[in-house]
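In UniProt numbering, the protein residues as written are 1 to 437.
Given below as structure tokens:
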């Protein structure tokens, strides 16, 4: 049986599945239920400084994007950090950690960008016995307007400064949570690394409005006729999150920096993909809010079964395995050629491949042959774009078949070259690098 025990910057948990800082981790009741269901750890919902708690709205807090089958694809959240008293949270964290010593408890923090505020909260969190802290530099709504959350995460100099304060004032591992609401995710990651962070976690939610009520003309969710931007999460953000994880993992300046992957993780496969791109563990929110805490049991079983099937003994066997295969476009092999192939036995004659290719691509799929409805690839026109694969409703009915070296490409009339060639040396590139003689 594969060993999926996780050691993330010295924080140990029985599996790599943690609940992210969010409504599911707001109180002991939820966290205990999560641990009973099998979660390896939690990041306790973000705590603020001592004093009157923040005030949340008393109405709808979520907007949603659904698929055609009403499956939840994306969730917009306008809830703020915890609105429970700091001391209540601290007492609960301490008790839960005592009762569940084998589970990871990391505490998310957000206080004003002032050194005294961080110095004040760090020792009281440390006293709970928590395993680490996560600096919330990602929240895009409500708190950002107060100079916290994403307002800090969008300024690399602030990130480095606060990380240094925290590293100087606590024994606990520091995880820096990054905002995706930025042009280049590598810059805040580099700043956190320069400040001495033990790890980064990403992504936090994406600034968004998910819909508008076309009767009231108010953004959703609607509070007394008005709406606001919020944080977008769920399966729809997974591709964005994975790209940002990979960018940090392969950046020479942050290579080797531990990463906790967040963003749309719903299945064991999602988790494995994040870890393959460089994440040492994963955090989950929307999936738990959609399906309940027991979804982790499917994640655990699925990951173990896949690792056993593939011969991966520990998580170290998969973490970062895909990172070397992520490259910039300019280094892709332009001499690699593939053509679409339609399995006629699997084809249900729906015609979606034809119409997509005919209307929007390269007119490379027939609709009629000898007066009969028939869908077949015209190799002389196919550029291998694989749009047909993605619109086909039958899995594996259309596949991409690479042409072997020396085989004639009917579209160009030239044999496939066995030599690797990319854009940096292509004759059409005005900045092509010429090899030294």
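Built from N, CA and C at the ideal position, the CB exists for glycine as well.
Please read these numbers as outputs of a predicted model, since none were measured by experiment.
Rounded to the nearest whole angstrom, the C-alpha separation of residue 99 and residue 296 is 20 Å. Note on geometry: alpha-carbon atoms of residue 341 and residue 418 lie some 22 Å from one another. When the five nearest sequence neighbours on each side are left out, the beta carbons in the same chain lying within less than 6 Å of the beta carbon of residue 247 are those of 185, 186, in order along the chain.
In this structure the stretch 76-86 lies against the stretch 57-64, because at least three pairs of beta carbons, one per stretch, are closer than 8 Å.
By the criterion of a C-beta distance shorter than 7 Å, residue 361 is surrounded in its chain by 385, 387, once the five residues flanking it on both sides are discounted. With distances taken between CA atoms, residue 91 lies nearest to 124 out of 347, 316, 124, 116. Relative to the Cα of residue 173, the nearest Cα in the group 201, 154, 344 belongs to 201.
For residue 119, the enclosing alpha helix (DSSP H) has its first and last residue at 115-126.
Using a 10 angstroms sphere on the CB of residue 286, the tally of other CB atoms reaches 16 or more, which defines it as buried. DSSP places residue 39 in the coil class of the three-state scheme, outside both helix and strand.
With contacts defined by Cβ atoms closer than 7 Å, residue 334 and residue 276 do not form a contacting pair. In the structure shown, the three-state DSSP call for residue 373 is strand. In this structure, residue 392 lies away from residue 339, with their beta-carbon atoms at least 7 Å apart.
Contact check for residue 141 against residue 264 fails: the beta carbons are separated by 7 Å or more. Collapsing the DSSP output to three states places residue 217 in coil.
A Cβ-Cβ distance of about 6 Å is found for the pair residue 159 and residue 137, placing them in contact under the 8 Å criterion. By alpha-carbon distance to residue 289, the top candidate from 204, 23, 13 is 23. Nearest to residue 89 by C-alpha distance, out of 132, 53, 80, is 53. Counted as a single uninterrupted DSSP element, the stretch harbouring residue 349 is not any alpha helix (DSSP H), since DSSP gives it neither H nor E. For residue 113, the closest of 5, 238, 157 by C-alpha to C-alpha distance is 157. Assignment of residue 396 by DSSP, reduced to helix, strand and coil, places it in the coil class. Your pair residue 395 and residue 2 does not check out as a contact, with CB atoms roughly 26 Å apart and the cut at 8 Å. In this structure, DSSP gives residue 364 a state outside helix and strand, which the three-state scheme calls coil.
Distances from the CA of residue 39 to each of 45, 20, 56 were compared; the closest alpha carbon is that of 20. Note that the C-beta distance between residue 129 and residue 167 is not below 7 Å.
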